[in-house]
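Residue numbers (UniProt numbering): 1 to 391.
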């Protein structure tokens, strides 16, 4: 019985050991799977298949930072013309939409009543001059009353003023352009009665045409009078216009913390019209020989920016994508400056980041050229005096 009990106990012990061993193996395999899923190796093996991506070399180039604002086109000068005299429109010299020069006639008012007034004023002046001459001769001989002489002088001056006024009214019957511009469309026609309160038309000077916009006050130090800006205007989206800063407001809006800026655009063809909306691109910073890479290479996760940098792996003669944190600076269109994290000549992934993981082997167009280059560099490093000493 004692011997049978001993073998039974021994068998149970072996079963427990086998069970614990099986559990340990399962646990170890699970740990390896978890490691590969959540903490993959950064080095490729022959078992891993290369993933096709697109890559580009980091380079140096000039770069600038641009901010965008929205503005409205305004006339260089604009005035609503009203007549200085009343009467009926007798002639229209220029139509709405027509370009006109400064001083050129636009419209005439019937001046017959003002010419009659001029004749009356001239007749009164002639009589006043006769009276003045008569009393002036008497005064020279100390004859006649001084008071009558003074009255004759006053009457002559009054008659002269009436003549001047009548002449001015005749001149005012012809409405002329105060400056060069374009006449607005209007409903004025021959025979219409007008007076000093009638708005005849508007003359608009649109060359140059102005553009008003606002920028954040933080960029005030980056803008100056005469600075050029690029403008895209509604209706002309396929064309970029160049404008020049004409004036900067003297105060910052305390509510929006923005400042008003006015620029002007050459508009000799009169294509641009007041009221059009525009987008203004304003350069607020620039740098020469900056380290730049395509914007598509940069991945953002919260406050961290990173790129997949390609590292040459001599053992497999392939490239491996390793994630590197970077610090960026200026950004312009499709390129971005890198202040820290990569160097000129480094290869970075520009397309395909979502397909790869940290440490994955990759392949890309033009890879052979870079493989040969890196392979040659690796050979040179091995044969260098420093590496020879280490051996």
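Every residue gets a Cβ at the ideal spot worked out from N, C-alpha and C, and that includes glycine.
Chain-order list of residues whose beta-carbon lies under 7 angstroms from that of residue i (same chain, five-residue window excluded)
i, result
"residue 174", "105, 108"
"residue 111", "170, 173"
"residue 396", "Because the chain here runs from 1 to 391, residue 396 falls outside it and cannot be looked at."
"residue 345", "57, 58"
"residue 350", "54, 55, 56, 294, 296, 297"
"residue 353", "299, 308"
"residue 148", "135"
"residue 328", "298, 305, 336, 337, 338, 339"
Check whether residue i and residue j have beta carbons under 8 angstroms apart
i, j, result
"residue 263", "residue 229", "yes"
"residue 63", "residue 335", "yes"
"residue 188", "residue 91", "no"
"residue 152", "residue 122", "no"
"residue 320", "residue 361", "yes"
"residue 330", "residue 375", "no"
"residue 225", "residue 204", "no"
"residue 161", "residue 117", "no"
"residue 73", "residue 272", "yes"
"residue 285", "residue 322", "no"
"residue 50", "residue 318", "yes"
"residue 326", "residue 341", "yes"
"residue 180", "residue 101", "yes"
Whole-number beta carbon distance between residue j and residue i, since they are thought to touch under 8 angstroms
i, j, result
"residue 292", "residue 60", "7 angstroms"
"residue 95", "residue 182", "Contact doesn't hold; Cβ gap of about 11 angstroms is too wide."
"residue 178", "residue 79", "6 angstroms"
"residue 257", "residue 314", "Contact flag wrong, Cβ pair sits at about 56 angstroms."
"residue 176", "residue 103", "5 angstroms"
"residue 247", "residue 265", "Going by Cβ atoms, the distance from residue 247 to residue 265 rounds to 14 angstroms, so no, they are not a contact pair."
"residue 206", "residue 254", "Their Cβ separation, rounded to whole angstroms, is 33 angstroms, which puts residue 206 and residue 254 out of contact at 8 angstroms."
"residue 212", "residue 366", "Not really, about 49 angstroms apart at Cβ, beyond 8 angstroms."
Neighbourhood of residue i by C-beta distance below 6 angstroms, restricted to the same chain and skipping five residues each side
i, result
"residue 193", "88"
"residue 66", "281, 283"
"residue 163", "121, 122, 125"
"residue 233", "276, 278"
"residue 202", "80, 184"
"residue 6", "With a pLDDT of 47 at residue 6, under the threshold of 50, the predicted position of this residue should be treated as unreliable, and no value is reported."
"residue 231", "241, 243, 278, 280"
"residue 227", "245"
"residue 377", "none"
Neighbourhood of residue i by C-beta, 8 angstroms cutoff - its chain only, sequence neighbours within 5 removed
i, result
"residue 37", "Only weak support exists for where residue 37 lies, its pLDDT of 44 falling under 50; the coordinates are left without a value."
"residue 82", "196, 197, 198, 199, 200"
"residue 93", "104, 105, 106, 107, 108"
"residue 388", "Because the pLDDT at residue 388 is just 48, under 50, the model does not fix this residue reliably, and the point stays unresolved."
"residue 129", "156, 159"
"residue 33", "Its pLDDT being 47, under 50, residue 33 is placed unreliably by the model, and the measurement read from it follows with that caveat. Within the same chain, residue 33 has no close Cβ partners at all."
Buried/exposed call for residue i, threshold 16 Cβ in 10 Å
i, result
"residue 210", "buried"
"residue 277", "exposed"
"residue 76", "buried"
"residue 235", "exposed"
"residue 125", "buried"
"residue 127", "exposed"
"residue 46", "Since pLDDT at residue 46 reaches only 48, below the 50 mark, its modelled position is unreliable, and no value is offered."
"residue 343", "exposed"
"residue 309", "buried"
"residue 159", "buried"
"residue 332", "buried"
"residue 237", "exposed"
"residue 290", "buried"
Opposing strand residues paired with residue i [DSSP bridges]
i, result
"residue 325", "306"
"residue 156", "DSSP, once it has assigned bridges, lists no residue as partnering residue 156."
"residue 205", "77"
"residue 350", "Partner(s): none; residue 350 has no beta bridge."
"residue 340", "327"
"residue 230", "242, 281"
"residue 65", "285"
"residue 274", "In the DSSP output, where bridge partners are listed per residue, residue 274 has none listed."
"residue 264", "210, 244"
"residue 301", "304"
Chain D contact for residue i (CB, 8 angstroms cutoff)
i, result
"residue 335", "Absent from the structure is chain D; it holds one protein chain and no more."
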